[in-house]
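**Q** The structure under discussion is supplied below as structure tokens; questions concerning it will follow.
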Ligand SMILES: Cc1ncc(C[n+]2csc(CCOP(=O)(O)OP(=O)(O)O)c2C)c(N)n1
Ligand SMILES: Cc1ncc(C[n+]2csc(CCOP(=O)(O)OP(=O)(O)O)c2C)c(N)n1
Ligand SMILES: [Mg+2]
Ligand SMILES: [Mg+2]
């Protein structure tokens with residue numbers, strides 16, 4: 001019997017089960033408890049889109065509302081983690097990371113190395129990524145590449161409810177800082193999720209569809225678009241491998257290479273801005289490591305080099321979709 | 001008669017000449033005037049490594065010492081620029097950008113687009129990049145890729161005194177925000193610099209050496225290392241094009257493609273961490289655009305995926321040098 | 001300093017203030033309905049209930065004075081004179097929008113009116129306003145800048161650093177705290193370590209005044225004195241306005257975290273607009289004439305917005321860089 | 001609250017305090033010489049002149065209490081009991097360094113001693129210390145955290161936000177402002193909008209005490225009271241210590257921006273160590289015995305450091321991630 005739940009609920013369930021398992025685990029962020037001490041009902045929010053709703057009722061003061069001062073509370077999460085209290089901290093949108101970036105770039109990411117390998121920082125920073133809800137330029141970015149660039153941070157971005165739960169549990173149990181990027185556009189998509197807790201190891205990409213003509217490599221919100229493209233391509237007789245990276249750092253390049261060695265053709269897709277993003281990263285690594293397997297120039301599918309526009313029609317044009325992926329495959333098969 | 005000056009002095013001269021040209025141009029940052037109002041001599045600092053020294057004496061209160069609160073004064077620079085006062089603001093080390101990142105990521109970079117193309121933000125943020133002075137993990141990063149990723153920011157990184165002056169003048173005259181990355185390791189290197197003001201247009205790479213066997217593409221502190229490698233390679237009969245990108249955004253991909261079409265071999269080098277950096281960016285773009293010209297797998301030369309270590313021997317091992325470039329060329333020629 | 005009740009404000013100013021407040025209220029009420037109806041894209045934060053703050057302050061400003069706003073920016077825009085038609089088009093993401101449809105509710109700006117932008121990043125307007133105020137000080141013409149912030153957002157490092165900078169640099173900058181008691185669902189005392197903003201301001205070497213933000217006259221008088229002080233070179237100031245949020249944090253928020261009856265009470269007992277109408281001395285006929293005008297304007301703005309074409313697809317790529 | 005002069009502090013504590021202060025001074029003087037001689041890599045910021053602050057405070061702390069430090073961290077480390085030999089090796093980037101040579105002067109940490117690290121980023125220690133203090137509060141054993149900051153760095157948003165957070169969350173966290181009058185070459189009044197840190201602290205709902213940081217006894221007494229208050233659940237506090245920087249901001253700084261005679265005067269008239277020696281009641285013999293010990297220790301640390309091998313090259317890649 002497979003139970004279907006939404007990606008959002010899958011994350012909530014992972015948090016719930018880990019809070020139950022580890023009595024020292026804390027959750028904090030803006031309105032993650034939501035409504036506490038405001039004079040009315042409690043537990044009415046659960047973060048801006050409700051992912052942590054219900055946890056305050058179950059775990060009380062281990063779910064803490066922080067003032068909207070990200071430097072202070074993200075840094076406090078680092079400090080508490082360093083002092084033996086694992087923390088899941090929420091920064092609602094990855095776009096807001098600019099106000100607390102130092103605490104991740106120079107503190108959480110570097111402490112273990114700078115201190116000679118002594119520090120453990122069991123910290124997960126949950127944050128929403130991606131466009132598609134008309135959030136405009138400051139509530140729609142991917143920015144995953146920036147975090148992937150930084151040694152010392154692990155970067156996760158699930159595309160299915162199943163993966164979201166298993167990767168969240170793994171992230172919480174990891175002894176180092178993890179940036180957990182939640183594609184808000186997929187929050188309501190449902191899929192089978194086992195009820196018992198399970199962890200999905202980092203650095204294991206998922207072959208979401210098997211083909212032999214071309215390898216489409218992507219992650220997060222682009223995965224359903226890639227699968228849609230693959231379905232349509234299949235009708236024209238082109239069979240694609242679709243690889244869902246799941247974790248951007250560490251990166252399971254082996255699975256990607258194996259696929260490209262089979263197909264000889266690579267399309268790397270990232271919803272992010274095109275310069276120095278995950279698509280360029282994948283193309284570069286694959287080209288270096290299995291150049292002779294390549295039958296044609298690898299293609300990249302990314303958003304244009306512009307901020308995310310508000311206008312729904314422009315935003316639709318901005319987000320790379322199944323069509324752009326199909327166009328890239330068509331180019332590469334030509 | 002060619003005058004030789006240091007890269008540091010070339011920047012100082014550019015600032016000086018532009019301050020003289022534009023009476024509204026402001027400079028601010030930490031100790032950029034240096035010693036003002038402290039009771040002793042004034043103009044003793046000029047920023048932490050003295051790049052702006054002398055300007056306070058000449059331009060008085062248009063060179064302003066800011067408290068070490070980067071969000072406030074970098075944001076104030078954006079606001080002043082928006083209000084008609086061009087600003088050159090100094091954030092001493094690019095490593096510190098984490099504390100003021102939002103003002104660049106979400107404000108300076110996006111305003112023009114978000115506001116429908118109306119805003120002009122004549123802002124230059126000067127900052128030091130790179131390792132080599134035993135500055136350890138928080139005073140040695142490149143982080144250029146992060147800024148290159150962001151639409152709306154131009155990113156400059158000169159490698160010679162001549163370019164430093166011309167690019168700085170161009171940056172100041174640009175009507176949008178520019179991140180001006182100064183390779184501190186090269187501050188004292190000297191070269192010919194014309195005395196009269198001149199601007200070097202953005203998006204024009206410089207062919208720093210001409211060959212025909214392989215294209216070495218890099219920028220900033222890696223340029224002298226690439227040239228050194230090329231010199232040594234020439235002794236073994238391998239002639240390399242060495243391309244100095246000069247500006248990372250906009251990117252002169254045309255010059256790179258032309259070179260690779262000639263040589264068929266690409267080595268892209270970046271002192272930065274290896275994931276999603278400039279080397280992967282260049283390799284990906286070149287591979288997509290002139291795949292059939294490639295005779296061998298493009299190579300990347302980058303630092304390892306670790307923070308920058310303090311220990312001088314480890315830092316030396318960390319920084320990719322001429323040797324690593326030569327090894328990459330050897331691999332590609334094999 | 002506390003000010004209440006009627007003053008010797010000119011009839012013109014009173015009428016224009018009422019028009020702006022009423023425009024804001026009508027604009028926001030309409031958006032509330034249209035959001036529920038599902039015809040407005042994205043998400044938005046409504047300013048209804050706080051009108052007397054934006055208008056009480058902006059009544060003292062010219063187009064040369066600059067303001068920086070927040071995520072809850074419509075009221076500041078209208079108070080500062082931004083075109084209502086172009087705002088509504090912007091919120092609908094259409095051609096003719098004040099930002100060509102590319103900014104949306106959270107990024108409305110009009111530099112020609114001294115409106116430096118709503119902002120989706122809490123606190124981010126404060127450093128920008130420091131820069132505007134620096135430009136003002138350097139120009140020496142007595143212009144000033146105002147930055148608005150909520151009781152939650154003013155705890156952001158960007159705001160606190162800016163208070164310090166403004167004070168050290170003696171900038172003509174007013175920090176307005178619109179204390180509506182909530183940051184999303186979190187009450188003020190859970191985000192803020194002081195109950196007195198006078199203490200907060202003194203911690204940065206600035207004077208502060210607290211007023212009943214529902215009382216237009218109190219806001220108007222206090223702002224007037226503080227702005228005059230700034231124009232005369234007195235440096236930065238803080239003005240706390242105790243106010244109330246009528247709608248949810250954003251559209252869709254049920255506000256169940258508020259005490260029972262709190263929202264109803266706000267609408268019925270704490271309506272700044274009704275208070276103004278009752279105490280302003282303007283005649284019922286005058287008020288009704290404005291109401292009719294405003295109703296028409298807002299109606300027209302929605303009709304125009306819905307008729308306006310979407311931006312052309314090639315505009316996606318425009319306006320990132322300045323080109324020559 | 002002002003405290004000066006002798007107290008009823010136990011002889012053991014006095015002796016141990018003197019040993020730590022003298023160790024810091026000797027360590028820093030030696031580094032100054034060795035830097036000039038060119039045998040120390042990188043750059044460093046010396047703590048000489050401020051010893052009574054770090055030691056006066058840390059004398060009240062156990063290994064379970066945690067501190068977060070700054071770029072000028074050697075003094076805090078020694079005061080908190082970090083091994084001097086391993087520190088010197090670290091500063092020379094050698095094997096056996098407290099961070100295996102990978103951190104250097106600006107990143108010395110010893111988690112086993114409750115020393116959360118020097119920090120190359122101004123203000124960054126404050127949020128970390130909030131987290132440590134939160135852990136302390138949740139553990140409920142009365143442990144506390146202390147974050148050090150300079151007169152320049154405490155204006156960083158990270159510190160200001162942390163003051164607010166510590167106060168809202170009632171954290172057992174002491175903010176220490178080491179006011180040595182300068183941030184690099186910039187005088188305190190050009191970085192800071194208040195002259196009174198009591199005002200600054202009140203702006204975040206915290207009590208504050210200012211003491212003469214050159215007077216060990218004043219620091220010791222004030223810190224003792226404030227720390228006791230925190231251990232009893234009283235929430236965060238601020239302690240300003242007025243102190244003096246003997247050497248340049250970093251090695252190489254000529255300090256010509258300081259008024260003529262200021263540095264000389266500091267060494268001759270404002271030496272916290274000499275004051276301590278004169279007022280502590282410890283006998284000349286006791287002091288000299290410590291001096292000799294310390295001299296030997298620091299000498300030995302340099303000798304050991306210079307003899308120690310450099311890290312092995314494969315260590316470059318270790319310690320980025322936790323491996324299982
Ligand atoms: C840097 C940042 N953090 C968090 C948010 C999310 N956010 C938007 S509005 C808001 C609450 C603001 O409360 P307040 O400042 O009191 O303003 P109000 O909504 O009451 O007008 C929060 C937390 C944001 N937009 N930017
Ligand atoms: C975020 C950040 N900005 C700037 C610097 C550069 N910097 C290092 S120390 C310093 C001055 C600090 O002054 P203060 O806080 O008074 O400490 P002191 O040096 O006097 O001990 C500055 C500006 C930095 N390290 N980090
Ligand atoms: Mg509020
Ligand atoms: Mg100082």
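Residue numbers (full-length UniProt numbering), protein chains in the order written: chain A, 1 to 334; chain B, 1 to 334; chain C, 1 to 324; chain D, 1 to 324. We put the beta carbon where it would ideally sit given N, CA and C, even for glycine.
1) Tell me which residues share the same chain as residue 31 of chain A and place their Cβ nearer than 8 Å to its Cβ, disregarding the 5 neighbours each side in the sequence.
2) Which one of D/127, D/121, D/133 has the shortest CA to CA distance from residue 394 of chain B?
3) Can you list, in chain order, the residues of its chain with a C-beta nearer than 6 Å to that of residue 179 of chain A? Leave out the 5 residues immediately preceding and following it.
4) Terminal residues of the continuous beta strand (DSSP E) containing residue 66 of chain C?
5) Could you say if the stretch 246 to 257 of chain C and the stretch 36 to 44 of chain A meet the contact criterion of at least three C-beta pairs nearer than 8 Å?
6) Starting from residue 118 of chain A, find everything on chain D with Cβ-Cβ shorter than 7 Å and list it in chain order.
7) Measuring alpha carbon to alpha carbon, tell me which residue in D/135, D/232, D/124 is nearest residue 158 of chain D.
8) Of all the residues that make up the stretch 116 to 143 of chain C, which are near chain B by a beta-carbon distance shorter than 9 Å?
9) Taking the continuous alpha helix (DSSP H) assigned at residue 36 of chain C, which residues delimit it?
10) Report all residues from its chain with a CB closer than 7 Å to the CB of residue 59 of chain C; omit the five preceding and five following residues, and keep chain order.
11) Does the stretch 157 to 167 of chain B come close enough to the stretch 185 to 201 of chain B to have 3 or more Cβ pairs within less than 8 Å?
12) At a cut-off of 7 Å, is residue 38 of chain A close to ligand 1 when judged by its beta-carbon and the heavy atoms of the ligand?
13) Just checking: is the beta-carbon of residue 319 of chain C within a distance shorter than 8 Å of some beta-carbon in chain B?
14) In chain order, what residues of the stretch 147 to 178 of chain C put their CB closer than 8 Å to some CB of chain A?
15) Taking the beta carbon of residue 214 of chain D as the centre, do at least 16 other beta carbons fall within 10 Å, making it buried, or is it exposed?
16) For the stretch 247 to 311 of chain A, list the beta strand (DSSP E) runs that are entirely contained and at least 3 residues long, ordered along the chain.
17) I'd like to check one pair, residue 212 of chain D with residue 242 of chain D: are the Cβ atoms closer than 8 Å?
18) Please tell me whether residue 101 of chain C and residue 310 of chain A are closer than 8 Å, where the distance is taken between their beta carbons.
19) Kindly say whether residue 107 of chain D, judged by its beta-carbon, lies nearer than 8 Å to any beta-carbon of chain G.
20) In whole angstroms, what separates the C-alpha of residue 275 of chain A from that of residue 34 of chain B?
21) Examine ligand 5 and report whether any of its heavy atoms sits within less than 7 Å of the Cβ of residue 183 of chain C.
22) Determine the direct distance from the alpha carbon of residue 171 of chain B to that of residue 86 of chain B, and round the result to whole angstroms.
23) Expressed to the nearest angstrom, what Euclidean distance is found between the alpha-carbon atoms of residue 192 of chain C and residue 37 of chain A?
24) Relative to ligand 4, is the shortest distance from any of its heavy atoms to the C-beta of residue 29 of chain D smaller than 7 Å?
25) Classify residue 4 of chain B: buried if its beta carbon has 16 or more other beta carbons within 10 angstroms, exposed otherwise.
26) If the cut-off is 8 Å on Cβ atoms, which residues from the stretch 91 to 106 of chain C count as contacting chain B, listed in chain order?
27) With respect to the alpha helix (DSSP H) encompassing residue 342 of chain C, which residues constitute its N-terminal and C-terminal limits?
28) Any idea what DSSP makes of residue 321 of chain D, helix, strand or coil?
29) Which term fits residue 28 of chain D, buried or exposed, when burial requires 16 or more other beta carbons within 10 angstroms of its beta carbon?
30) Alpha helix (DSSP H) containing residue 15 of chain B: first to last residue?
31) Below 8 Å on the Cβ atoms is my guess for residue 137 of chain D versus residue 171 of chain D; work out the distance and round it to an integer in Å.
32) For residue 269 of chain D, would you say it is in contact with chain B, using Cβ-to-Cβ distances shorter than 8 Å as the test?
33) To which residues of the same chain is residue 328 of chain A closer than 7 Å at the C-beta, ignoring the five residues directly before and after it?
34) Of all the CB atoms in chain A, is at least one closer than 8 Å to the CB of residue 84 of chain D?
35) Can you tell which of D/306, D/224, D/317 has the C-alpha that lies nearest to the C-alpha of residue 9 of chain D?
36) Can you check the stretch 195 to 255 of chain C for any alpha helix (DSSP H) of at least 4 residues that lies completely inside it and give the ranges in chain order?
**A** So, from the data block:
1) 45, 46, 47, 48, 65
2) Since the displayed chain B opens at 1 and closes at 334, residue 394 of chain B lies outside it and no answer follows.
3) 125, 147, 153, 155
4) Run containing residue 66 of chain C: 66 to 68, per the beta strand (DSSP E) assignment.
5) yes
6) 111
7) Across the set D/135, D/232, D/124, the C-alpha of D/124 shows the shortest separation from the C-alpha of residue 158 of chain D.
8) 116, 117, 119, 120, 121, 123, 124, 125, 126, 127, 128, 129, 130, 131, 132, 133, 134, 135, 136, 138, 139
9) 11 to 36
10) Contacts found: 13, 17, 220.
11) yes
12) no
13) yes
14) 152, 153, 155, 156, 157, 158
15) buried
16) Listed in chain order, they are 247 to 249, 266 to 269, 299 to 301.
17) yes
18) yes
19) The chain inventory of the structure shown lacks chain G, comprising the protein chains A, B, C and D.
20) 37 Å
21) Annotation note on ligand 5: not contained in the displayed structure, which lists ligand 1, ligand 2, ligand 3 and ligand 4 as its ligands.
22) 11 Å
23) 13 Å
24) no
25) exposed
26) 97, 98, 99, 100, 101, 102, 103
27) Past the edges of chain C, shown from 1 to 324, lies residue 342 of chain C, and the structure says nothing about it.
28) coil
29) buried
30) 7 to 21
31) 6 Å
32) no
33) 267, 299, 301
34) no
35) When D/306, D/224, D/317 are compared, the shortest CA-CA separation from residue 9 of chain D is found for D/224.
36) 197 to 202, 216 to 231
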